[in-house]
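The structure appears right after this line, and notes come after that.
Protein chains: 2
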Amino acid sequence: MVSTLADVARAAGVHPGTASKALNPDSRHLVAALTVQRVLEIAAELDYQPNSLARGLRTSRSFTIGLLVPDLTNPLFPPIVRGVEEVLGAAGYSALIVNTDNDAKKEMQLFMTLLNRRCDGFILATAFRHDPVVEAIAKRNIPAVLVNRSTESHLLPAVAGDEVTEVRVAIEFLISLGHRRIAHVAGPQDLSTGYIRRRAFLAAIKEKGLDPKECPVAIASGFNEEAGKDASKQILSRLGKRPTAILAANDQLAIGVIDSLTSFGMKCPRDISVIGFNDIPRMDRINPSLTTFALPKHEMGVKAAQILKAWIDGTSIPEPSTIHLECPLVIRESTGPAPA
Amino acid sequence: MVSTLADVARAAGVHPGTASKALNPDSRHLVAALTVQRVLEIAAELDYQPNSLARGLRTSRSFTIGLLVPDLTNPLFPPIVRGVEEVLGAAGYSALIVNTDNDAKKEMQLFMTLLNRRCDGFILATAFRHDPVVEAIAKRNIPAVLVNRSTESHLLPAVAGDEVTEVRVAIEFLISLGHRRIAHVAGPQDLSTGYIRRRAFLAAIKEKGLDPKECPVAIASGFNEEAGKDASKQILSRLGKRPTAILAANDQLAIGVIDSLTSFGMKCPRDISVIGFNDIPRMDRINPSLTTFALPKHEMGVKAAQILKAWIDGTSIPEPSTIHLECPLVIRESTGPAPA
DNA sequence: ACCCTTACAACAATCGATTGTCATTGGTCA
DNA sequence: TGACCAATGACAATCGATTGTTGTAAGGGT
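First to last, the protein sequences are chains A and B.
Read in order, the letters of the first sequence correspond to residues 78 to 417 in the working numbering.
Read in order, the letters of the second sequence correspond to residues 78 to 417 in the working numbering.
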């Protein structure tokens, strides 16, 4: 069916080992130019393509990377994946992509299957703040880079947004619009994106001298619209004055917040301003369009892939620290002046 | 670092071949129960995991499938991918996913690299009506299933929406709203999704006795918003009476159509009703929310994967014909009664 | 008591490519 | 002319698992 190295060697009248050397640019100098040419021609003629399994077995380099994402249908991740593939694909790597659904058990299990496939490296968009998979990777000293999320213990390099700055910018922006009572719908606290943004929110509130009692926080059970709606309702049902702005830990939560308003007879941005995170597609077209931070998703993927590639190649062993990329605030209709 | 079969065999005091048989449920009966148990225990103790490269090389089964999509950031595809992984992942397969960007050359090249990785089968969401990759696959008799798109020559099984029916339903629905001048923004004609829908549109117009001269068609250069906008402008700039409804070949085109209206001083649905295809996420939240056909994306992935799995397993060799899944019309704000 | 079957496990070949070692040839230099 | 060296390519071991073949001992039947 497909021709093997032995086929090429036979047709060229040389030993398979010689054919291998002729085909491989690095060892080609060990073979006479004439022989190289003959082998090359016959290889082309037979449409020879090396069997990556055999090569991988021998060289223990599979030119495959494992890419773990929580859920591809979350529009945050495809651009990251594309950034990764752009860099790694050009270098000859293919990506095995799996969805973990934020399930730690599933994550570990899928990681093990990828490991058995002898992936040369991993990119994880799935990290929990305490993540057994990350620990397993670090212990085995396997090249891997985190993206979007980071772990509490800095075992691996990570690429993420500059969340602390973003939260501060959001609060400053809301204050500039006259808001004083600002609430936060936080994401799950076992994820860095949920935890760091909440801590940054509390810090920013304090820093700006706002009254913490009037700046409540509700923790959503997931990064989805339903959870955002629930958390928002918690905040709005509290006794005392309602906030005039809500910072949500991502766009889906923000949408949930906006959805929750009608049942309180309120409207965004008239009564409540809402800010999200990430700027997933079409946030400019929903109603009201959403003010949010434009996470450089593609760039994050590219950056993470570059670090991983250099690590695998042995060009540079990265520091296990987080690279923070800047995210511009995109101002749209969901934010406006605080009601009088 | 990681333990091999030889390690397990040595520790258990048996020959590697015996250990292999003990570990493999199918050949386990060839080994004494006591020995099986000992091998199993030691394997667990050493955390033995078979090297899939070695196994794949020997058995020529990699338990890997190749998944070609045009662009993961198009929200149509992630749900399909998840459907595929749900079925195939459970059966022990991992998926190598690549983006072709509707570039035939890239498609062929990526296919070849996947082929060298000895994928057991392929799922293609990338097919052109005439597709060299599909031909190459069919010629080599490799298990593969098309999804969402089909080819002109039915070389491989395909899973797609029931486009002809959908188009007819759309036209009937618009007629029932009083529309008589209905235009079509078609997709690229080298894709079945562009071609079939256009042909179905022409057929439905004829069938319903509408005047073809008042039911113009414009062909968009791609399935994106910009191309939809351009095509729509072509239609609206024509001499004569403008259409009161436009059927777009997918949701992104429909959005482009809606965007184009302002420059003509028109509004959807007041002046023009718009219908899309696929019901990608958040079409219920844009303004106006979009009437469209809810393509069962996840189910398509599941179906395609099931067919592929059965084929690979040799359980059943599928007919190279297209399975059409039903798509309900989701009626939203973008369609309304024809203006008087 | 002998033959035959059965159960078991060791053995070895194999998948396809890579790579270090070794043998041969021809040429250079003293 | 003889020693030496460079160039070349054949050879063989190897990666790790699978699987058909072979050898051996125990057990059953007559």
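Each residue gets a CB set at the ideal place from its N, CA and C atoms; glycine is no exception.
Given that residue i touches chain A, what residues does it touch there, using C-beta distances under 9 angstroms?
i               : result
M189 of chain B : Q126
My output table needs one value for residue i: the three-state DSSP class, helix, strand or coil.
i               : result
G391 of chain B : coil
I142 of chain B : strand
L402 of chain A : strand
L324 of chain A : strand
I219 of chain A : coil
F300 of chain A : coil
A121 of chain B : helix
L173 of chain B : strand
A86 of chain A  : helix
A109 of chain A : coil
A295 of chain B : strand
I408 of chain A : coil
Which residues bound the alpha helix (DSSP H) around residue i?
i               : result
S227 of chain B : Per DSSP, S227 of chain B belongs to no alpha helix (DSSP H) and is neither H nor E.
G333 of chain A : 328–338
F188 of chain A : 181–193
P168 of chain A : In the sequence as displayed, the identity of residue 168 of chain A is Ala instead of Pro. That residue, A168 of chain A, is in no alpha helix (DSSP H); it is neither H nor E in DSSP.
P93 of chain A  : 93–100
L134 of chain B : 129–136
E284 of chain A : 269–284
Counting along the chain, where does the beta strand (DSSP E) carrying residue i start and finish?
i               : result
V236 of chain A : 235–238
N355 of chain A : 350–355
F199 of chain A : 198–201
V262 of chain B : 259–263
T368 of chain B : 368–371
Is there a Cβ of chain A sitting closer than 8 angstroms to that of residue i, yes or no?
i               : result
I273 of chain B : no
P93 of chain B  : no
E162 of chain B : yes
A172 of chain B : yes
S139 of chain B : yes
L134 of chain B : yes
Chain A partners of residue i, CB-CB under 8 angstroms?
i               : result
I363 of chain B : R359, R362, I363, N364
R195 of chain B : N128, S129, L130
P102 of chain B : In chain order: nothing, as chain A lies at least about 17 angstroms away.
I want to see whether chain B comes within less than 8 angstroms of residue i, judged by CB atoms only; does it?
i               : result
A371 of chain A : no
T177 of chain A : no
E243 of chain A : no
S337 of chain A : no
L149 of chain A : yes
G90 of chain A  : no
Considering only the beta carbon of each residue, do residue i and residue j sit closer than 8 angstroms?
i               : j               : result
F300 of chain A : Q329 of chain A : yes
D197 of chain B : I142 of chain B : yes
V91 of chain B  : T112 of chain B : yes
D356 of chain B : V294 of chain B : no
G333 of chain B : E303 of chain B : yes
A86 of chain A  : A96 of chain A  : yes
A221 of chain B : L233 of chain B : yes
P346 of chain B : S411 of chain B : yes
S350 of chain A : H261 of chain A : no
I352 of chain A : T339 of chain A : no
R409 of chain B : D348 of chain B : no
M377 of chain A : V241 of chain A : no
R206 of chain B : Y272 of chain B : yes
N128 of chain B : S129 of chain A : no
A235 of chain A : I400 of chain A : yes
Give the interface partners of residue i over in chain B, defined as CB-CB distance under 7 angstroms, in chain order.
i               : result
R159 of chain A : L149, T150, N176
P155 of chain A : L149, T150, P155
Against residue i, what residues of chain A qualify as contacts under a CB-to-CB distance less than 7 angstroms, listed in chain order?
i               : result
G286 of chain B : Residues of chain A passing the Cβ test: none, with the nearest at roughly 36 angstroms.
Under 9 angstroms between beta-carbons, which chain B residues line up against residue i? List them in chain order, please.
i               : result
G317 of chain A : Within 9 angstroms Cβ-Cβ: nothing; G317 of chain A doesn't reach chain B, min ~31 angstroms.
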